[in-house]
Amino acid sequence: MTPDATSGSTSTFDFDTVVVNGVSRAYGRRRALHGVSFGASRGDIIGVLGPNGAGKSTLLGIVSTLLRPTSGTVAYGTSGPADPAAVRSRLGVLGHDLFLYPELTARENLTFFAALYGCAHVAARVDDALARAGLASRADDAAVGFSRGMRQRLALERALIHDPRLVLLDEPFTGLDEASASALLARLRALRADGRIVVLATHDLDLADGLLDKALFLRDGRLLEEVARPERVRAAYKDVLGR
Amino acid sequence: MPKWFTPLALLCGAMLAASPLIIANAPYESQMGLVQKIFYYHMPSAWMFLLGAIVCGVASARFLATGAERHDRTALAAAELTVLFGLLTLVTGPLWARRAWGTFWVWDARVTSSLVGWMISCAYLILRKYGGPGSERLGAAVALFGMANVPFIYLSVNYWRTIHPPTSVVPTLKFSMGFPLMFCVTAFLLFFILLMAMRTRLEESRARLDALYLALDE
Amino acid sequence: MSTQGFGATVLRIVRKDLTVEVRSREVAYTTLFFAVSCLLVFAFALVREGRAPEGAGEGILWATLTFAGTLALGRTFERERQSETLRALLLAPVPRAAVYVGKLVGIVGLLLAVEVVLVPLVTLFFGAPLLKRPLWLAGILVTGTIGFAAVGTLFAAMLVRARSRDVLLPVLLYPVVVPVLIAGVRGTSALVDPVFDVAIARFWLALLFAFDAVFVTLALWTFEPVMSD
């Protein structure tokens with residue numbers, strides 16, 4: 187089941203790697219990102235770490251096609267620049283603001299986005315997603331009444347409903363209690379096992395222990411270091427950013 | 031500044047300085063006397079106002095199509111000149127109208143259209159100044175809409191009372207009235223071009239300064 | 071992009087907006103109430119000795135629509151801004167122009183609903199026989215509303231992330247929709263006239279049609295470049 191909203195036929199666009207090459211983003215005189223480069227392949231979980239203002243959200247914004255880089259490129263796969271709509275059909279984004287309509291029920295939110303992304307068998311998918319989020323019993327309640335954790339789970343399912351190849355998460359652990367956080371970790375590991383590419387920006391260094399295949403440490407828009415499979419992320423963070 | 035700037039500036043300055051003399055020597059218009067001579071500043075201002083609006087609209091369209099920043103700089107400079115010359119037109123017009131039609135303001139087609147067009151260019155500048163980052167593109171859309179609107183504004187306002195003298199007054203002017211007009215139009219056009227050159231250069235310098243700050247940040 | 075994708079997207083967005091609105095009814099009620107308050111303000115401003123000035127009804131109708139419409143536009147996009155759902159729509163693999171048309175249809179629907187209430191009220195309060203020629207009136211109201219909303223939706227969408235967006239929307243919008251306002255008032259006036267001049271009414275209707283065609287097209291072209299960051 188591959189989604190395509192535009193022509194109703196199945197899309198054949200897919201990719202195995204994402205290569206970010208020398209991406210910079212400037213706002214007037216201020217540079218938010220300086221020539222950041224990294225690569226990711228299927229089954230990778232990449233962590234983008236750094237203090238506030240480091241440029242994490244900007245980087246994620248560029249990779250998710252919401253922002254345009256001032257210079258540099260992002261390549262999805264190796265077959266040259268693709269149709270932007272096709273690229274977007276394979277991206278799943280969980281932003282800071284969750285992208286949920288508070289007046290709609292959980293089911294309606296998921297159904298709307300599933301239809302928008304051209305998924306087949308929408309009702310079945312939505313039911314599966316609700317079950318995975320543990321919201322099956324609250325499916326027909328308006329999202330405005332949900333707790334932060336519930337909304338986060340719903341937003342995550344919304345981001346994943348169309349089986350995206352590349353999943354981008356901006357501060358997904360914010361406001362989650364322990365149970366929800368471990369559920370999210372389990373979900374991310376399942377995504378990795380499923381061959382997706384996950385890029386997440388987070389402050390929660392402890393939660394990232396043992397999760398990341400690669401950790402990118404950013405400060406002031408610069409990529410300080412790329413650390414493979416960090417076991418003790420907090421220590422690595424202190425180390426890299428303390429220099 | 032490019033080489034042609036200074037000699038042209040001197041020429042323009044000389045023409046503008048000479049214009050009162052030339053205007054004073056033009057024949058008196060029988061019905062309105064001295065006040066009619068405002069016309070020699072009013073018409074060129076109006077034409078420069080229109081020229082500015084067109085330049086702004088075209089540059090905005092090109093900016094939206096290509097994303098090249100120099101079009102945006104041109105659009106901004108042209109918008110400022112549109113506001114400037116528009117203001118001149120809207121002030122000199124009523125001064126003449128008072129004598130010609132007995133009232134400072136009339137809601138006739140061309141006057142009202144000019145006012146609306148002027149307000150659109152003012153709105154453009156307000157957006158550029160207060161809209162925050164990213165207002166270059168927004169402004170370009172507004173300018174494009176403004177330019178596309180010109181025939182509609184004119185047509186819709188046209189069904190109001192129209193007591194504006196028809197434009198054909200220019201060709202039928204005697205040479206002694208036509209020469210001062212052309213002189214002033216040339217002077218104003220030179221002024222427009224010089225101001226555009228200076229203003230775009232200012233924006234270019236600003237952009238270069240920003241680029242230097244960015245490079246410093248490396 | 072195939073037309074099927076475009077139309078389907080528009081329909082989904084409209085249905086979603088309708089569902090959201092029906093649940094909360096916030097924008098509909100507040101806009102409606104605001105419009106009626108406007109009428110009150112105009113009444114106290116203009117009515118002398120219990121009678122409104124001749125021909126004031128049409129002007130009051132369109133002025134109120136302009137103000138209420140601006141409010142509705144602001145509120146609709148403020149709601150999108152709060153959950154960043156506009157960004158979610160831009161992230162979806164749908165033609166972006168379809169997002170514009172979807173929002174446009176929603177706004178036009180809302181404003182038409184407000185007009186259904188306003189027209190009888192203006193007739194009542196200001197003694198203007200607006201309902202004398204209902205089909206013509208409907209034509210002028212629909213084309214005028216589309217023209218206003220076409221420009222308004224684009225401007226409101228592009229201002230979603232600008233500073234001072236609340237005041238910038240009317241500042242930018244009003245001068246540009248002047249032809250709609252003029253055509254609307256004059257067109258409605260022609261209908262109210264005891265001597266109905268079909269040619270005049272037809273002229274204004276044609277002007278509104280042309281305005282709609284030009285500006286919806288322009289908006290479709292500029293929506294994508296203006297919304298990409």
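Chains as they are written, first to last, in our numbering: chain B, 187 to 429; chain A, 31 to 248; chain H, 71 to 299. We put the CB at the ideal spot given by N, CA and C, even for glycine.
**Asked** DSSP three-state call for residue 216 of chain B: helix, strand or coil?
**Response** Strand.
**Message:** According to DSSP, is residue 99 of chain H part of a helix, a strand, or is it coil?
**Reply:** If DSSP states are grouped into helix, strand and coil, residue 99 of chain H belongs with the helices.
**Asked** Does the Cβ-Cβ distance between residue 74 of chain A and residue 180 of chain A come in under 7 Å?
**Response** no
**Request:** For the segment 189 to 260 of chain H, list the alpha helix (DSSP H) runs that are entirely contained and at least 4 residues long, ordered along the chain.
**Result:** 204 to 228 and 235 to 246
**Request:** Output the distance between the C-alpha atoms of residue 124 of chain A and residue 139 of chain H, rounded to the nearest integer angstrom.
**Result:** The alpha-carbon of residue 124 of chain A is positioned some 34 Å away from that of residue 139 of chain H.
**Prompt:** Just curious, the alpha helix (DSSP H) that residue 400 of chain B is in, first and last residue?
**Reply:** Where residue 400 of chain B is concerned, there is no enclosing alpha helix (DSSP H), although the beta strand (DSSP E) it sits in stretches over 400 to 405.
**Request:** For residue 331 of chain B, decide whether its Cβ has a neighbour in chain A, counting only Cβ atoms nearer than 7 Å.
**Result:** The beta-carbon of residue 331 of chain B is placed no less than 7 Å from the nearest beta-carbon of chain A.
**Message:** Less than 7 Å between the C-beta atoms of residue 101 of chain H and residue 141 of chain H, yes or no?
**Reply:** yes
**Message:** Is residue 244 of chain A close to chain B? Criterion is C-beta to C-beta, closer than 7 Å.
**Reply:** yes
**Prompt:** Quick one: what's got a C-beta closer than 6 Å to residue 228 of chain H's C-beta in the same chain, skipping five residues either side?
**Reply:** 296
**Item:** Cβ shell of residue 150 of chain A (< 6 Å), same chain only, five flanking positions each side left out
**Value:** 176
**residue 213 of chain A beta carbon less than 7 Å from that of residue 78 of chain A** = no
**Prompt:** Got a sec? Which residues, its chain only, sit under 7 Å from residue 343 of chain B by beta carbon, not counting five neighbours each side?
**Reply:** 296, 315, 318 and 319
**Prompt:** Taking any Cβ of chain B, which residues in the segment 137 to 155 of chain H have a Cβ under 7 Å from it, in chain order?
**Reply:** 153, 154 and 155
**Request:** Report all residues from its chain with a CB closer than 7 Å to the CB of residue 69 of chain A; omit the five preceding and five following residues, and keep chain order.
**Result:** 126
**Asked** So, is the C-beta of residue 90 of chain H closer than 7 Å to a C-beta in chain B?
**Response** yes
**Message:** Using 8 Å as the cut-off, can you tell me whether the segment 146 to 160 of chain A makes contact with the segment 208 to 228 of chain H, which would need three or more C-beta pairs spanning the two stretches below that distance?
**Reply:** no
**CB contact check: residue 162 of chain A to chain H, cutoff 7 Å** = Interface residue, yes.
**Message:** Using 8 Å for Cβ pairs, my map puts residue 257 of chain H next to residue 275 of chain H. What's the rounded Cβ distance?
**Reply:** 6 Å
**Item:** Nearest to residue 358 of chain B (by Cα), restricted to the options B:370, B:231, B:380 and B:411
**Value:** Of B:370, B:231, B:380 and B:411, the residue nearest in Cα terms is B:370.
**Request:** Determine, using beta carbons only, whether residue 374 of chain B and residue 384 of chain B come nearer to each other than 7 Å.
**Result:** yes
**Prompt:** Looking at C-beta atoms only, is the number of pairs between the segment 201 to 214 of chain B and the segment 256 to 266 of chain B that lie closer than 8 Å three or more?
**Reply:** Cβ pair count under 8 Å is three or more, so yes.
**Message:** With distance defined between alpha-carbon atoms, name the residue in H:127, H:161 and H:248 nearest to residue 248 of chain B.
**Reply:** Of the candidates H:127, H:161 and H:248, the one whose C-alpha sits nearest the C-alpha of residue 248 of chain B is H:161.
**Item:** Option in B:255, B:251, B:257 and B:286 with minimal Cα separation from residue 268 of chain B
**Value:** B:251
**Request:** Could you tell me the distance, in whole angstroms, from the CA atom of residue 200 of chain H to the CA atom of residue 215 of chain B?
**Result:** 57 Å
**Message:** Going by DSSP in three states, residue 79 of chain H sits in which element: helix, strand or coil?
**Reply:** helix
**Request:** Answer with yes or no whether the minimum CB distance from residue 240 of chain A to chain B is below 7 Å.
**Result:** yes
**For residue 209 of chain B and residue 77 of chain H, the rounded distance between their alpha carbons** = For residue 77 of chain H and residue 209 of chain B, the distance between alpha carbons rounds to 36 Å.
**Asked** Do three or more CB pairs link the segment 233 to 241 of chain H to the segment 284 to 298 of chain H at distances below 8 Å?
**Response** no
**Asked** Would you call the CB atoms of residue 105 of chain H and residue 184 of chain H closer than 7 Å?
**Response** yes
**Request:** Assess, as a yes-or-no matter, whether the segment 163 to 178 of chain A is touched by the segment 87 to 107 of chain A under the definition of 3 or more beta carbon pairs within less than 8 Å.
**Result:** yes
**Item:** DSSP three-state assignment for residue 191 of chain A, whether helix, strand or coil
**Value:** Because residue 191 of chain A carries a pLDDT of 43, less than 50, the predicted location of this residue cannot be relied on, and no value is offered for it.
**Message:** Comparing C-alpha positions only, which one of A:139, A:46, A:108 and A:38 sits nearest to residue 233 of chain A?
**Reply:** A:108
**Min CB distance residue 153 of chain A to chain H below 7 Å** = Proximity of residue 153 of chain A to chain H, defined by a Cβ-Cβ separation below 7 Å, is satisfied.
**Item:** For residue 405 of chain B and residue 236 of chain B, believed in contact at Cβ under 8 Å, the rounded distance
**Value:** 5 Å
**Request:** Figure out for me which residue from H:182, H:222 and H:121 has the closest Cα to the Cα of residue 210 of chain H.
**Result:** H:182
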